[in-house]
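Input: a single structure, listed below in structure tokens.
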Amino acid sequence: MDEQTSELTDKFVAIYQYLDKQDLSGLEEIYHHDVVFEDPAHRVEGYRQLFKYFSRLFDAVEYCSFNITEQLCCGETAYVQWTMTFQHPKLQSGKKRLVNGCSRLVFAEGKVIYHRDYFDMGEMIYEGIPLLGPIVRQIKARL
């Protein structure tokens with residue numbers, strides 16, 4: 101099972117590394133129609149809802165790319181460590197921002213049936229808001 105999971109993870113990585121806001125069609129190749137996707141702010145069920153969610157996210161940014169730095173497979177589960185670079189017009193004056201994260205993927209029938217993203221929401225959003233950013237960074241520094 102690890103070999104198949106490794107191949108599926110490689111396919112996931114390949115699609116994510118070339119994911120583009122103009123073309124999200126590659127997502128259908130890797131996600132099961134009954135997929136459940138979770139991140140710190142949302143839970144989405146089903147491929148159609150996931151596609152809509154990703155479409156909204158990519159429409160809101162000027163730029164978004166993923167650099168996959170590590171992957172680990174165990175049984176039907178994989179963990180993928182990544183750095184996302186994105187540019188949002190309302191965060192940090194539209195400058196590019198980096199967010200580190202990790203995805204837990206569970207495969208069924210050759211596709212991702214469960215995808216859970218772990219990342220620091222403060223790093224992604226709150227630190228990029230003009231008045232709030234310095235406060236969040238100061239709080240994090242004190243912990």
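Our numbering puts the first residue of the sequence shown at 101, with every later residue one more than the last. For each residue, glycine too, the CB sits at the ideal point set by N, CA and C.
For residue i, which residues in the same chain have their Cβ closer than 8 Å to its Cβ, ignoring the five residues on either side in sequence?
i	result
C202	Y179, V180, Q181, W182, D217, Y218, F219
Quick check on residue i: does DSSP put it in helix, strand or coil?
i	result
A141	coil
L205	strand
K111	helix
Y116	helix
K240	helix
D102	helix
How should residue i be labelled, buried or exposed, when 16 other C-beta atoms within 10 angstroms of its C-beta is the threshold for buried?
i	result
L172	exposed
L243	exposed
I235	exposed
T185	exposed
K211	buried
L150	buried
Y163	exposed
To the nearest angstrom, how far is it from the Cα of residue i to the Cα of residue j?
i	j	result
T177	R204	7 Å
K111	K190	33 Å
I213	T109	13 Å
F158	Y118	13 Å
S155	E103	31 Å
Enumerate in chain order the residues of its own chain whose CB-to-CB distance from residue i is below 6 Å, with the five nearest sequence positions on each side excluded.
i	result
V136	E145, Y214
What residue ranges within the stretch 121 to 175 form continuous alpha helix (DSSP H) runs of no fewer than 4 residues, ordered along the chain?
Those alpha helix (DSSP H) runs which fall completely within the stretch 121 to 175 and span 4+ residues are 127 to 130, 147 to 160.
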